Structure formats: C-alpha cells, structure tokens
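Asks:
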Amino acid sequence: MKPGQLLTIILVSLLILSFAIVLIKSDVLQKPPEPWVPPSNLNIRDVDVKPVMVTSSQIEVNVTAYINHAGAKTRNATMLIRAISSDTRLLETQVSAPIPEIDSELEKTLAISTDLNLERNGGYDLNILLFDNGSIRDSGSVSISGLSALTPMSKRSGVILSNIDFTVSNVSTGKVSIKSDIYLENKGPQSSENLKVTVKAREATSNLLADKTGTETGVIANETTTVKSVVLAVPEGYNYMVVVELWRGDTLINSWEKPVLLAPTKTVPKESVEKTMNIEVSKFMREGGAAPGYPVPGYPMPAATMTPYAGAPKEPGFEIFAAISALLIVFVLRRRL
-12 MKPGQLLTII
-2 LVSLLILSFA
8 IVLIKSDVLQ
18 KPPEPWVPPS
28 NLNIRDVDVK
38 PVMVTSSQIE
48 VNVTAYINHA
58 GAKTRNATML
68 IRAISSDTRL
78 LETQVSAPIP
88 EIDSELEKTL
98 AISTDLNLER
108 NGGYDLNILL
118 FDNGSIRDSG
128 SVSISGLSAL
138 TPMSKRSGVI
148 LSNIDFTVSN
158 VSTGKVSIKS
168 DIYLENKGPQ
178 SSENLKVTVK
188 AREATSNLLA
198 DKTGTETGVI
208 ANETTTVKSV
218 VLAVPEGYNY
228 MVVVELWRGD
238 TLINSWEKPV
248 LLAPTKTVPK
258 ESVEKTMNIE
268 VSKFMREGGA
278 APGYPVPGYP
288 MPAATMTPYA
298 GAPKEPGFEI
308 FAAISALLIV
318 FVLRRRL
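Numbering (the working numbering), first residue to last: -12 to 324.
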C-alpha cells in the first residue's frame, strides 16, 4: 500500500472516530427529562383578628390566617394584607409576611400571623392575598368595624361611677354647701390603683365654674363599691351640673355628670320639662347626718298647730231620740181626736 493511501485511511479513521466520540459523549451527558410536578396549592381556611394595642388615635391588630398547603414545594411564598377603608374604599396601609417553604406533598395547615396598624376611627376591609413564586394562589377578605368603641389602654381602670347623692350641709348668706357622696365601683378583674378624682360644679345656664374640689379613690377591691364625699360651696338660687372626673396622672380616664336643682323654675340643659316649685334650701340642710324634720342648730322648728276638718261627720247623739219622741206624741194626739 502506498504511503499516500495509508495516510488517507488514517485521517478518515480519525475523523470517523472523532464524530463517534462526540455523539457518544452527547448521549451520555444529556440529563433525562424531569417528571411533571403539579404546582403548590395554597388556600385560606380561616382568619382571626384581635386587638393588640389601643391608643386614643390608633389601634394595632394581629391578623392570623390559617393557610392550607397541598401539592409541591412552595417557593418565595408570601401573605399580603391590604387594609381598605370601608368609607372611602382607599388603601390605608398594607403589610406582608413570609410563608415558610414546605417540601412535603402531604396536606398541612399553617398559621401565619402579622400585625397591622390602623386609625381607630372607621372600619376596614382586610384583603388577604397568597403569593407563590410570583403568582396569586388564593385570596380572601375579612371586615372589621366599631374600632372607636374599644377603650384605649391609657383609659382602662375598671372603676365606674354608679351614683351620686347630694345633701345640703350648710347655708349662709347667698351660699349653699352641697355635700356630694360619690359611689365608685370597681368592675375590673383585680384591685384598682389609687386614682385622682376631680369634682366640679358648673352653673347650668352659663356653664361658669362655681366651685371645684378633689379627692382620691384609694385602692378599691374588685367587685366592691366605695363612697367618697366632697363639699362644694355654690351661690344659692341657681341650677348646677356636678361633673366628676377620673384622672390617672395627666390622663383623663372618664367623666360623669348629674344635675343639682336649686332653682327648679329654670330649665337645666338636657332636661326638657320645666316644673315650678318653691324650694327653701335651708329646709334641706343636714349636719352630721340629721334627717329632715329633726332640730338643726340655728334653725328653730315651726310650732305644730291643729286645724279641725270642717267636713268631718258628727257622731250620732240625742237628736234621733228627740225625733222619735215627737213622732209618738203626734200619733197619740191623733188617736184622741
């Protein structure tokens, strides 16, 4: 065989061998196709909303969504909560929370929780969206309203005013001293703290402050009532609105009011009926708990007088016997005639 032919055979053989190696290598390195896996399935089963912190202007709520997972593993799954105003339908705020990756094909329920800050006035629709790998898997909505009815943390004490009793303790020239017995009840689950009480007397028509005083509640055991007494000195001949304010430091917790009528011919605000009565304030004065009708120092008791009742029937006497005798005499005289 000639050298040229041998070289040609060698080159052709090398070329065929190279193509064979490339083809074999591509078949060996090629990965088999992955089996089809269904996408993850996320859906909302239930939602709980509860207040966490309440202030005078805002409320922080905790939103817990119970999410059911099935199917494949989740990837970058998140829960988005959007707060829509019930009045304006505008987006007020939104917050998101991550959903943990689940690599199990078994059905499982997750509790995903996050906090949301809202204005205390008005109501909201909380729209919940579940995302997985950039796609929405499920959505739901829950409404909340009446947030203004929740008492702020700073104004919670458990102490309420159940009643006020008024008595006149002294009367001087143009002045009346009114003793106010304030009934404070603790409806909280535990003993109350010592709070400050401010009592004011405002003239009902002009709203002028006539007098102001203060006291303290003291520690009130739960489910019990204590009575605190204060004295207000006000001008005689006017109607008043007595206002009781409950304070914790510089924070006004609550306030109540009740009218005192020293001039009933005048109409007190919030009263619709005007009654004409003549009241002498000194007749209602009490000192040391003396009841009306008992002697009070400085005020003589009126003398008691008895007035016979003109219309009372008289008891039967001898008049009936005189009438019977007259009838008998007339009967006898007629017999003789």
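Where is the CB? At the ideal position from N, CA and C, for every residue including glycine.
Bear in mind the structure is a predicted one, so any value in this text is a computation, not a measurement.
Given S141, which residues of its chain have a CB within under 6 Å of its CB, disregarding the five upstream and five downstream residues?
Replies: Stepping through the sequence shown from its first residue, residue 141 is reached at position 154. If we look at S141 and ignore the five residues flanking it on each side, its Cβ neighbours are T238.
Asks: Go ahead and label D33 buried or exposed: buried means 16 or more other beta carbons lie within 10 angstroms of its beta carbon, across all protein chains shown.
Replies: Position 46 of the sequence shown holds residue 33. D33 is exposed by the Cβ-count criterion.
Asks: So, are the CB atoms of A70 and L105 less than 8 Å apart?
Replies: By 1-based counting over the sequence shown, the position of residue 70 is 83. By 1-based counting over the sequence shown, the position of residue 105 is 118. Yes, the Cβ-Cβ distance between A70 and L105 is below 8 Å.
Asks: Does DSSP put A191 in a helix, a strand or coil?
Replies: If you number the sequence shown from 1, residue 191 lands on position 204. Reduced to three states, the DSSP call for A191 is coil.
Asks: Would DSSP call I3 helix, strand or coil?
Replies: Position 16 of the sequence shown, counted from the first residue, corresponds to residue 3. Helix, per DSSP.
Asks: Could you tell me whether any Cβ in chain D is nearer than 8 Å to the Cβ of D119?
Replies: The structure shown contains no chain D; it is built from a single protein chain.
Asks: Please confirm if the segment 204 to 223 is in contact with the segment 121 to 136, defined as three or more CB-CB distances below 8 Å between the two stretches.
Replies: The segment 204 to 223 vs the segment 121 to 136: no contact.
Asks: In angstroms with no decimal places, state the Cα-to-Cα distance between T192 and L137.
Replies: Your numbering for residue 192 matches position 205 in the sequence shown. Your numbering for residue 137 matches position 150 in the sequence shown. Roughly 33 Å separates the two Cα atoms.
Asks: Which one of I68, Y170 and I(-4) has the shortest CA to CA distance from D112?
Replies: Against the sequence shown, residue 112 aligns to sequence position 125. It is I68 whose Cα lies nearest to the Cα of D112.
Asks: Note the first and the last residue of the continuous beta strand (DSSP E) segment covering A208.
Replies: If you number the sequence shown from 1, residue 208 lands on position 221. Counting along the chain, A208 falls outside any beta strand (DSSP E), and DSSP gives it neither H nor E.
Asks: Measuring alpha carbon to alpha carbon, tell me which residue in R124, N226, L182 and I207 is nearest K162.
Replies: Within the sequence shown, residue 162 is the residue found at index 175, counting from 1. Comparing Cα positions, the closest option is N226.
Asks: Using C-beta distances below 8 Å, list every residue in its chain close to V206, excluding the 5 sequence neighbours before and after it, in chain order.
Replies: The sequence position of residue 206 within the sequence shown is 219, counting from 1. So the qualifying residues of the chain are S178, S179, E180 and N181.
Asks: Check the DSSP bridge columns for V231 and list the partner residues they point to.
Replies: The residue labelled residue 231 in the question sits at position 244 within the sequence shown. According to DSSP, which records beta bridges pairwise, V231 is partnered with V186 and W243.
Asks: Indicate the three-state DSSP secondary structure (helix, strand or coil) for T(-5) in the structure shown.
Replies: Reading the sequence shown from its first residue, position 8 is the one you call residue -5. Correct three-state label for T(-5): helix.
Asks: What is the DSSP secondary structure of A64, counted as helix, strand or coil?
Replies: If you number the sequence shown from 1, residue 64 lands on position 77. Coil.
Asks: Grouping DSSP H, G and I as helix and E and B as strand, with all else coil, what is L77?
Replies: Counting from 1 along the sequence shown, the entry for residue 77 is found at position 90. Residue state, collapsed to three classes: coil.
Asks: Go to T51, then tell me how far its beta strand (DSSP E) extends in each direction, as first and last residue.
Replies: Within the sequence shown, residue 51 is the residue found at index 64, counting from 1. Q45 to A57 is the span of the beta strand (DSSP E), which, as asked, contains T51.
Asks: Under the rule that 16 or more other beta-carbon atoms within 10 Å means buried, what is V327, buried or exposed?
Replies: There is no way to answer for residue 327, as the model of the chain reaches only from -12 to 324.
Asks: Let me know the secondary structure DSSP gives I8 once reduced to three states.
Replies: The residue given as residue 8 occupies position 21 in the sequence shown. Note: I8 maps to helix in three-state DSSP.
Asks: Please report the straight-line C-alpha distance between V231 and T160, rounded to a whole angstrom.
Replies: Counted from its first residue, the sequence shown places residue 231 at position 244. Counted from its first residue, the sequence shown places residue 160 at position 173. V231 and T160: Cα-Cα distance of roughly 27 Å.
Asks: Does the structure place the segment 146 to 155 close enough to the segment 108 to 123 that three or more beta carbon pairs sit under 8 Å?
Replies: Short answer: they don't touch.
Asks: If K245 sits next to I151, beta carbons under 8 Å apart, how far is it from one beta carbon to the other, in whole angstroms?
Replies: By 1-based counting over the sequence shown, the position of residue 245 is 258. By 1-based counting over the sequence shown, the position of residue 151 is 164. 5 Å between Cβ atoms; contact.
Asks: Exposed or buried, what is L2 when buried is set at 16 or more other beta-carbons lying within 10 Å of its beta-carbon?
Replies: The residue given as residue 2 occupies position 15 in the sequence shown. Exposed: under 16 other Cβ atoms inside 10 Å.
Asks: Shortest alpha-carbon distance to V229 belongs to which of A7, G236, N194 and H56?
Replies: Sequence index remark: in the sequence shown, residue 229 carries index 242 (1-based). The option with the nearest alpha carbon to V229 is N194.
Asks: Quick one: residues in its chain with C-beta nearer than 7 Å to the C-beta of G224, no 5 flanking neighbours on either side, listed in chain order?
Replies: Mapped onto the sequence shown, residue 224 falls at position 237. Excluding residues within five positions, the ones whose Cβ falls inside 7 Å are L249 and A250.
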